[in-house]
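> Dropping the structure in here first, questions after.
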Amino acid sequence: MSGEAVIVGAEIAAGHDGSAELVLRLRYPNGGEGVIVLEAEKGLELMAVCGAAHLEELAGQSWRRLLEGTCST
Amino acid sequence: MFDVIVRNGLVVDGSGEAGFKGDVAVLDGKIAAVGAVNGAAKREIDAQGRVVAPGFIDPHTHFDVQLLWDGAARPALEHGVTCIVPGNCSLSLAPLRASDRSKVVGMFQQIEEMPPEAFTQAFEWSWEDFAGYRDAIAKQLSINVAPLVGHSVIRLWVMGEAAQQRTATPEEVAAMQEVLRECLRAGAIGMSTSFVDLDEHGRPVPSRFADFAELDALTAVLGEFGRMLQCVPEFYDVDITIARIDQLSELSLKHRVPTTFSPVFDNTSTPDNAPRILARVEEQFARGARVWPQMQTRPIDISFSLLRPSLFFARLPRWVRVLRQPLEQRLAALRDPETVAKMVEDLGPDGGRRMMGGLIVRGGDAAPAEWVGRTLGDLAAERGEPPALALINLSLEHGLDVAFLAADMGHEVTDRVGPMLAHPLVHIGASDGGAHIASFSTYGDTGYLFSEFVRKGAHLSLEQAVRKITADTADIWGLKDRGRLRPGLAADIVIFDLETIDRAEERPVFDMPGEGMRYVRDARGVQAVLVNGELAYADGAYTDARSGVVCV
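Quick note, the sequences are listed as chains Y and A, same order. Under my numbering, read the first sequence as residues 106 to 178, first letter to last. Under my numbering, read the second sequence as residues 2 to 553, first letter to last.
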């Protein structure tokens with residue numbers, strides 16, 4: 106947990122191009138929160154990497170889990 | 002003798018002032034008189050009970066290719082749009098060497114979703130420089146065009162392959178400056194750039210390899226001409242977007258140019274984003290910067306098919322697992338009764354009626370025409386299946402190539418969006434007309450402005466709404482000859498019924514080259530559209546008028 110942003114919320118939202126996107130709320134070590142948006146493939150990949158069957162199960166996961174996916178950049 | 006007199010309409014002249022009953026006379030393509038007009042005309046149009054307004058201006062489109070065979074940018078013109086700005090998001094069709102065409106075609110196909118035939122059969126590609134493109138489209142225009150030149154193609158012209166590999170040298174930047182000057186002299190209304198877009202291989206477009214020094218140098222050239230810098234910031238991250246607002250503001254102040262960025266849209270899952278963006282815009286305008294946020298009027302829909310996994314199913318893990326498999330295994334799983342039974346069971350006792358029943362079957366794919374526009378719930382009832390099972394079976398019966406639409410999933414809360422659209426610093430635009438053509442319709446946003454935010458929500462008065470998409474837009478972009486019903490200005494006029502103006506339901510058409518498909522929305526409530534004084538659209542039909550011009 107220390108030193109890393111943690112996912113504290115996840116929702117599906119409509120993207121500009123008509124696709125469904127994953128909106129993640131992150132909490133940073135200093136207590137600040139921010140929102141980022143992932144497109145479909147990366148969002149689904151994050152869920153798979155985290156073993157999350159439901160969006161709610163992303164909460165508490167380290168933001169670094171995204172980098173474990175096959176299409177991480 | 003006037004050429005045209007539009008009589009007895011409610012004249013809403015674009016200034017924002019209260020409309021008044023009167024006439025508008027046209028002579029030699031210009032507005033000759035406004036008010037109580039005496040005298041005769043070759044053609045009189047009765048506008049009793051209708052609004053007479055300046056033609057609408059759409060500042061964010063991708064009609065660059067379509068204009069080469071469709072000078073009306075259909076269906077934009079029938080919605081009352083008399084001037085469009087193509088060349089957004091760093092991409093234009095000039096300047097472009099013949100040897101680089103295939104690269105840019107790929108980028109356009111990624112954004113516009115045009116079929117390949119659009120680039121190989123529909124027109125003769127005879128130009129390389131911006132003046133050549135201007136002349137190619139000018140031959141048959143029914144609509145006015147104020148084209149941007151794309152940063153990515155300028156880069157490609159100067160740097161070749163390296164445009165998508167590295168930053169530019171000082172010599173290359175100087176060469177780009179000269180190319181931009183030439184484009185602005187040839188009629189470009191500004192330059193577009195993007196920090197987001199990808200080519201067909203998933204690589205960043207050339208503009209994304211530019212450093213700030215390059216953007217600064219090119220904006221300096223825009224400053225010489227007082228022209229617009231259009232930008233697509235990293236809109237998926239509000240903090241980066243705000244940083245880009247600051248960057249654009251510095252460029253605006255330093256070089257005395259207007260800048261605009263898009264898209265800005267509202268989502269209830271990120272309710273602070275748009276207000277934060279607008280707050281930063283207010284701060285920068287207070288400093289003297291011109292950094293216009295473009296906001297679309299229409300809600301955002303989500304569309305998907307079972308051909309590729311969608312986050313629409315994110316709350317259904319079994320569905321995600323099945324749909325993420327390679328096609329062959331996916332089809333096998335969807336044909337396996339045991340798997341399907343469990344998938345349907347996952348939707349709960351209503352079989353998916355609540356989550357999926359309202360999905361609308363789209364057309365243009367493998368779906369039979371008679372399904373188009375119907376809800377999955379209706380089709381499921383007809384088939385005697387739960388909606389979740391019907392979704393799977395309907396898809397399987399057509400090779401999974403059946404698209405479904407979940408309507409109004411973003412930017413959809415009228416009482417949130419309406420006040421933002423009414424904000425004096427919000428630039429109504431971002432229609433993306435001519436882009437994403439096979440995914441959703443990007444036409445009719447102006448009709449939706451009146452139906453949803455004037456008539457229904459009353460967030461804007463008629464006069465405010467007209468001003469937003471006419472005089473305000475003309476002023477922001479420096480289109481001195483347009484946007485108002487004022488003697489001496491170009492006679493771009495739309496006559497519409499305030500009680501019925503709207504966008505029609507989305508429908509697929511196969512009017513792209515090679516019988517390519519796109520989604521469109523027809524206009525409702527628009528009686529007539531005049532472009533530079535000539536009747537270009539009337540009573541539901543386009544005329545033969547070719548009075549559009551390339552304008553700056």
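Beta carbons: idealized from backbone N, C-alpha and C, even for Gly.
Name the one or two DSSP bridge partners that F503 (chain A) has.
Checking the sequence, you will find Asp at residue 503 (chain A) rather than Phe. Its beta-bridge partners are A:R525.
> Are the CB atoms of Q297 (chain A) and A381 (chain A) nearer to each other than 8 Å?
no
> Measuring straight from C-alpha to C-alpha, what distance separates L392 (chain A) and S442 (chain A)?
Cα to Cα, the separation comes out at about 23 Å.
> Give the residues from the region 242 to 271 of chain A that approach chain Y closer than 7 Å (Cβ to any Cβ), ordered along the chain.
P264, F266, N268, S270, T271
> Which residues, in order along the region 409 to 428 of chain A, keep a beta-carbon less than 7 Å from a beta-carbon of chain Y?
M410, G411
> Quick check on V154 (chain Y) - is its C-beta less than 8 Å from some C-beta in chain A?
no
> Quick check: the Cα distance between E284 (chain A) and D212 (chain A), rounded to an integer number of angstroms?
Spanning the alpha carbons of E284 (chain A) and D212 (chain A) requires a straight line of approximately 25 Å.
> Which partner residues does P205 (chain A) have in the DSSP bridge list?
A:L199
> My assumption, with CB atoms under 8 Å, is that H159 (chain Y) sits in contact with R316 (chain A). Please give the rounded CB distance.
6 Å
> How about V233 (chain A) and V197 (chain A): do their beta carbons lie closer than 8 Å?
Taking 8 Å as the cut-off, the Cβ atoms of V233 (chain A) and V197 (chain A) count as close.
> Per the DSSP calculation, P145 (chain A) is bridged to which residue(s)?
The sequence as given places Asn at residue 145 (chain A); Pro does not occur at that position. A:C84.
> Which residues mark the beginning and the end of the alpha helix (DSSP H) in which R384 (chain A) is found?
377 to 384
> Should D523 (chain A) go down as buried or exposed, given a rule of 16 or more other Cβ atoms within 10 Å for buried?
buried
> So that I know if they touch, is there some Cβ in chain Y lying closer than 8 Å to that of Y237 (chain A)?
yes
> Consider the C-beta atom of Q122 (chain A) and the heavy atoms of the ligand FAD; say whether any pair is separated by less than 7 Å.
What this structure holds is no ligand at all, so the ligand FAD is not there to describe.
> Leaving out five residues on either side along the sequence, give the residues of the same chain with a beta carbon under 7 Å from the beta carbon of V418 (chain A).
D267, H412
> Let me see if you follow: with CB-CB separation under 8 Å, is F210 (chain A) close to chain Y or not?
By this cut-off, F210 (chain A) is not an interface position.
> Apart from the five residues just before and just after F57 (chain A), which ones in its own chain have a Cβ nearer than 7 Å to its Cβ?
G81, V82, T83, T447, I470, T471, V495
> For chain Y, check one thing: does any of its Cβ atoms lie closer than 8 Å to the Cβ of V321 (chain A)?
Chain Y, which has a Cβ nearer than 8 Å to the Cβ of V321 (chain A), makes this yes.
> Would you please verify whether the beta carbon of T175 (chain Y) is less than 8 Å from any beta carbon of chain A?
Summary for T175 (chain Y): the model assigns pLDDT 47, below 50, so the residue's position carries little reliability; its value from the coordinates is reported in the next sentence. Answer no: the Cβ-Cβ gap between T175 (chain Y) and chain A never drops below 8 Å.
> Compute the distance between the beta-carbons of D493 (chain A) and V532 (chain A), then report whether it is under 8 Å.
yes
> What residues from chain A crowd round E126 (chain Y), counting only those whose CB sits closer than 7 Å?
By Cβ distance, chain A contributes L312.
> Tell me which residues share the same chain as V553 (chain A) and place their Cβ nearer than 7 Å to its Cβ, disregarding the 5 neighbours each side in the sequence.
A147, G188, I190
> I'd like the list of long-range same chain contacts for P388 (chain A), defined as Cβ closer than 7 Å, with 5 residues on each side in sequence excluded.
G352, G353, R354, M357, G358, L377, G378, A381
> Under 9 Å between beta-carbons, which chain A residues line up against G139 (chain Y)? List them in chain order, please.
D238, V239, D240
> Let me know if R186 (chain A) comes out buried or exposed under the rule of 16 or more other beta-carbons within 10 Å of its beta-carbon.
exposed
> Between which two residues does the beta strand (DSSP E) carrying P294 (chain A) extend?
292 to 296
> Scan the region 444 to 512 of chain A and note each continuous beta strand (DSSP E) run of 3 residues or more that stays entirely inside, going in chain order.
Counting whole runs of 3 or more residues, the region 444 to 512 of chain A contains the beta strand (DSSP E) stretches 494 to 497.
> Which chain Y residues are close to H437 (chain A), counting only those with a beta carbon under 8 Å from its beta carbon?
D122, G123
> Grab me the residues of R44 (chain A)'s own chain with a C-beta within less than 6 Å of its C-beta, minus the 5 sequence neighbours each way, in chain order.
V5
> Considering only C-alpha positions, which residue in the set Y:A118, Y:V113, Y:E109 is nearest to P272 (chain A)?
Y:A118
> By the 8 Å beta-carbon criterion, what residues does the region 185 to 207 of chain A contribute toward chain D?
Chain labels in this structure do not include chain D; the protein chains are Y and A.
> Just grab the DSSP bridge partners of K31 (chain A) for me.
A:L28, A:A491
> Pick helix, strand or coil for G139 (chain Y), following the three-state DSSP scheme.
strand
> Please check if any C-beta of chain Y sits within less than 8 Å of the C-beta of A275 (chain A).
no
> Shortest alpha-carbon distance to L11 (chain A) belongs to which of A:V52, A:I32, A:G40, A:V35?
A:V52
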